[in-house]
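One point on numbering: in the working numbering, the residue at position 45 of the sequence shown is 830, and numbering is uninterrupted.
First comes the structure, then the notes that go with it.
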Amino acid sequence: MFRNALLLVSRLLLAALFVPSGFHALADIAGTSGYFAGLGLPLPTLAAWATGLFELIAGLLILVGLQTPIVALLLAAFCTAAGFIGHYGQGGHDPTLAFMHQQMLMKDIALSGGFLALAMAGAGAWSVDGRILRIGPETT
Numbered sequence: 786m787f788r789n790a791l792l793l794v795s796r797l798l799l800a801a802l803f804v805p806s807g808f809h810a811l812a813d814i815a816g817t818s819g820y821f822a823g824l825g826l827p828l829p830t831l832a833a834w835a836t837g838l839f840e841l842i843a844g845l846l847i848l849v850g851l852q853t854p855i856v857a858l859l860l861a862a863f864c865t866a867a868g869f870i871g872h873y874g875q876g877g878h879d880p881t882l883a884f885m886h887q888q889m890l891m892k893d894i895a896l897s898g899g900f901l902a903l904a905m906a907g908a909g910a911w912s913v914d915g916r917i918l919r920i921g922p923e924t925t
């Protein structure tokens, strides 16, 4: 039961980052595409829509624990890519901005590690995956 509680808390905490982020990206497509354009990404508006939808849908799937290993692997790859695209080498000659971007890169790498662990552990009994697979508290 303790394992299932920790897996639930892990899913809640990880989803708490991605659901609002995806919603915010979709609510401000102009701002999100402007950020992506500033990074030099091609088709920044398309990238903004795709990123916002991915973050929102993947965050919701993690929240309820549906297809958790697959979604967690996708989010691990997303976090690593987003960290390097959005933060690696950013900040220019401003030491404060460079430090902030370095911290954000490390945060994204750490999130990737958390998602890899979640992919390996699964969502636990208190999830849609747990219901589908009929995982009981005694087996996890």
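C-beta atoms are modelled at their ideal positions from N, C-alpha and C, and glycine is treated no differently.
Between the alpha carbons of residue i and residue j, how many angstroms are there, rounded?
i	j	result
L798	V913	17 Å
R916	I855	17 Å
L882	F869	15 Å
A790	A910	9 Å
V794	P880	36 Å
S897	F884	20 Å
I814	I920	40 Å
Y820	G874	16 Å
P805	Q888	20 Å
Pop quiz: residue i and residue j are said to be a contact at Cβ under 8 Å. What is the actual Cβ separation, rounded to whole angstroms?
i	j	result
T853	A908	4 Å
R788	G850	Rounded, the Cβ-Cβ distance is 13 Å, inconsistent with contact.
Residues in the same chain with beta-carbon distance under 8 Å from residue i, minus the five sequence neighbours each way, listed in chain order, please.
i	result
Q803	Note that residue 803 corresponds to Phe in the displayed sequence, not to Gln. Result list for F803: E840, L841, A843, G844, I847 and L860, in chain order.
I894	C864, T865 and G868
K892	G868
A812	none
Taking the CB atoms as reference points, tell me whether residue i and residue j lie closer together than 8 Å.
i	j	result
G876	H886	yes
L826	A906	no
H878	L890	no
P829	A835	no
A833	T817	yes
L918	A857	no
G807	L831	no
Tell me which residues share the same chain as residue i and place their Cβ nearer than 6 Å to its Cβ, disregarding the 5 neighbours each side in the sequence.
i	result
L901	A861
To which residues of the same chain is residue i closer than 7 Å at the C-beta, ignoring the five residues directly before and after it?
i	result
L824	I870 and G871
4 or more residues per run - each alpha helix (DSSP H) lying fully within the stretch 796 to 839: 814 to 823
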